[in-house]
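Numbering (full-length UniProt numbering) for the sequence shown: 1 to 399.
No residue lacks a Cβ here, since even glycine has one placed at the ideal position from N, Cα and C.
In this text, all values refer to a predicted model and were calculated from it rather than measured experimentally.
Notes for the one structure printed next.
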Amino acid sequence: MEKLYDRLKELYPEMVKIRRHLHENPELSFEEVETPKYIAAYHEELGHDVRRNVGGRGVVAVLRGGKPGKTVALRADFDALPIQEENDVEYRSKVDGVMHACGHDGHTATLLVLAKVLNRLKDELEGTIVFIHQHAEELAPGGAISMIEDGCLDGVDVIFGTHLWAVTPFGCIEHRTGPFMAAADKFDIVIQGKGGHGAQPHLTKDAVVIGSQLVMNLQQLVSRRVNPLDAAVLSVGAFEAVNAFNVIADTAKITGTVRTFKEDVRALMEREIERVVKGTCLSADAGYSFSYKRGYPAVVNHKEETEFVARVAQDVPGVVKVVEGEPQMGGEDFAYYLEHVKGTFFYTGAQDENWSETYPHHHPKFNIDERAMLVAANTLGAAAITYLKEASKNAEAAV
């Protein structure tokens with residue numbers, strides 16, 4: 001284990017260099033071209049078995065250890081967001097309107113350098129490590145489900161993943177058994193009223209007024225229809241009814257998101273939203289269309305694997321504390337991997353204590369404390385090696 005930590009520390013400057021290269025050259029979900037080429041070439045140079053275009057634009061690399069054993073998968077995503085960067089840094093995005101505003105550049109740099117170090121230790125590894133580099137995490141249906149369908153988890157016994165978390169202090173590892181991140185769904189509503197002159201409202205069916213009433217009615221769903229012991233979020237993100245100042249709107253479009261952890265609550269919200277839309281529009285004698293699109297399911301961590309990572313992380317260099325984190329209402333398609341194999345997803349704190357202000361994920365000024373990449377690599381590497389070693393010992397004991 002000391003070899004792992006020492007060599008990762010030695011290669012930390014390369015990790016930073018890779019992260020900054022990716023940060024300067026971001027690519028949007030489902031539009032990634034150069035990034036997967038870069039990743040595949042890096043692994044091929046190490047001599048790993050590499051599959052390109054997995055599930056579309058993903059990359060899977062396999063490192064076989066010198067001894068037989070179980071198979072561990074480690075995952076990192078590599079897509080960026082449609083955001084104009086506002087950071088004044090030397091490595092700011094060179095692509096107008098596109099930015100790594102969620103740390104995926106750091107995830108990729110972490111896994112690539114970790115792969116290089118584990119490759120140097122391959123003769124001592126008691127099993128196989130699969131490096132899953134996933135495209136399109138930011139945009140449903142996401143890259144995970146198509147990569148799984150294309151076999152990225154074939155033969156895998158366990159999977160570990162981490163998210164560099166800019167709102168958690170550097171040196172902190174946050175874990176949680178069970179629901180950790182929420183299911184993320186989208187709804188679209190179109191209200192069909194009857195437009196007209198602003199001076200003659202009695203001859204119209206005002207889509208703006210109906211829509212405004214609908215937004216207020218929707219806000220009562222979580223407080224009055226969902227069990228207060230369950231978690232749910234309903235947020236309206238857009239309300240569009242563009243007209244001249246003296247025109248009453250004929251139509252209005254409302255779009256929003258629903259976040260839940262339990263499938264029964266998810267189903268309840270879908271039914272209740274349409275019921276409220278129907279009732280509100282019926283009372284105003286207006287028409288409507290409604291669609292509800294289910295996004296990623298909730299990230300539900302497995303107990304044994306979560307406790308395992310929490311135990312291993314206690315002795316990892318750079319880790320200051322290991323804590324049980326609170327569930328987050330953000331979504332992540334790592335959820336799909338956990339539906340197929342056992343594993344866990346955790347946060348690695350990436351907040352710099354010297355920053356005067358911390359910007360959240362998906363913000364134009366988002367950034368990370370790059371030292372968190374080394375902590376993440378140490379933790380993922382320790383988890384992979386320890387899991388393989390303990391599985392091998394258990395197999396011997398069973399014989």
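Exposure label - residue i; buried when at least 16 CB within 10 Å
i, result
"Ser-283", "exposed"
"Val-242", "exposed"
"Gln-314", "exposed"
"Lys-94", "exposed"
"Ser-146", "buried"
"Pro-36", "buried"
"Gln-220", "exposed"
"Met-15", "buried"
"His-175", "buried"
"Ala-298", "buried"
"Phe-245", "exposed"
"Ala-252", "buried"
"Arg-92", "exposed"
"residue 407", "Limits of the chain in this structure are 1 at one end and 399 at the other, which puts residue 407 out of reach."
"Met-99", "buried"
"His-43", "buried"
"His-23", "buried"
"Gly-279", "exposed"
"Val-72", "buried"
"Glu-326", "exposed"
"Ala-76", "buried"
Close-in-space but distant-in-sequence residues of the same chain around residue i (CB under 6 Å, 5 per side omitted)
i, result
"Ala-136", "Ser-29, Phe-30, Asp-79, Gly-142 and Gly-143"
"Pro-366", "Before going on, a small fix: residue 366 reads as Phe here, not Pro. Taken in chain order, the residues that qualify are Ala-101 and Tyr-359."
"Val-316", "Asn-378, Thr-379 and Ala-382"
"Val-258", "Asp-185, Leu-234 and Met-269"
Length of the line joining the Cα atoms of residue i and residue j
i, j, result
"Ala-40", "Glu-27", "16 Å"
"Lys-293", "Val-190", "15 Å"
"Gly-106", "Leu-112", "10 Å"
"Asp-88", "Pro-13", "21 Å"
"Ile-273", "Gly-381", "45 Å"
"Asp-188", "Glu-2", "53 Å"
"Val-323", "Thr-379", "14 Å"
"Ser-392", "Leu-374", "27 Å"
"Thr-348", "Ala-372", "7 Å"
"Gly-196", "Ala-249", "7 Å"
"Val-276", "Phe-290", "11 Å"
"Phe-160", "Thr-108", "14 Å"
"His-21", "Gly-256", "35 Å"
"Thr-260", "Cys-152", "27 Å"
"Gly-55", "Gln-200", "56 Å"
"Glu-45", "Arg-7", "18 Å"
"Ser-223", "Asp-206", "28 Å"
"Asp-352", "Val-312", "24 Å"
"Asp-154", "Lys-70", "12 Å"
"Ala-184", "Gly-330", "7 Å"
Reduced DSSP secondary structure (H/G/I, E/B, other) of residue i
i, result
"Arg-275", "helix"
"Thr-358", "coil"
"Leu-46", "helix"
"Gln-84", "coil"
"Asp-230", "coil"
"Lys-262", "coil"
"Glu-126", "strand"
"Met-99", "strand"
"Ala-310", "helix"
"His-197", "strand"
"Leu-4", "helix"
"Ala-372", "helix"
"Pro-13", "helix"
"Asn-25", "coil"
Beta-carbon proximity list for residue i, same chain, < 8 Å, skipping 5 on both sides
i, result
"Cys-328", "Reading off the sequence, residue 328 comes out as Gln, not Cys. If we look at Gln-328 and ignore the five residues flanking it on each side, its Cβ neighbours are Phe-180, Met-181 and Ala-182."
"Val-226", "Ala-232, Val-265, Leu-268 and Met-269"
"Gly-198", "Phe-245, Asn-246, Val-247 and Ile-248"
Distance between beta carbons of residue j and residue i, contact taken as under 8 Å
i, j, result
"Val-158", "Glu-305", "6 Å"
"Gln-192", "Ala-310", "Not a contact, Cβ separation roughly 53 Å."
"Ile-129", "Leu-118", "6 Å"
"Thr-344", "Asn-394", "Between Asn-394 and Thr-344 the Cβ distance is about 19 Å, and since that is not below 8 Å, they are no contact."
"Ala-166", "Ala-376", "Ala-166 to Ala-376, Cβ: 13 Å. No contact."
"Leu-11", "Lys-116", "7 Å"
"Gln-84", "Gly-103", "With 8 Å as the limit, Gln-84 and Gly-103 do not qualify as a contact, their Cβ atoms being about 18 Å apart."
"Asp-49", "Val-59", "Incorrect: roughly 11 Å between the Cβ atoms, too far for contact."
"Ile-148", "Tyr-296", "The pair is not a contact, with the Cβ atoms about 13 Å apart (cut-off 8 Å)."
"Gly-65", "Gly-127", "5 Å"
"Val-215", "Val-247", "Actually they are not in contact, since the Cβ atoms of Val-215 and Val-247 sit about 21 Å apart, beyond 8 Å."
"Glu-370", "Arg-19", "6 Å"
Close-in-space but distant-in-sequence residues of the same chain around residue i (CB under 7 Å, 5 per side omitted)
i, result
"Val-320", "Gly-171 and Cys-172"
"Lys-262", "Asp-230"
"Cys-281", "Ile-191, Ile-210, Gly-287 and Tyr-288"
"Pro-82", "Leu-28, Gly-97 and Val-98"
"Asn-217", "Val-276 and Thr-280"
Residue i at chain C interface by Cβ criterion, 8 Å
i, result
"Gly-66", "Absent here is chain C; the protein component of the structure consists of one chain."
Heavy atom of the ligand FMN within 7 Å of residue i beta-carbon
i, result
"Arg-311", "As for the ligand FMN, it is missing from this structure, which has no ligand bound."
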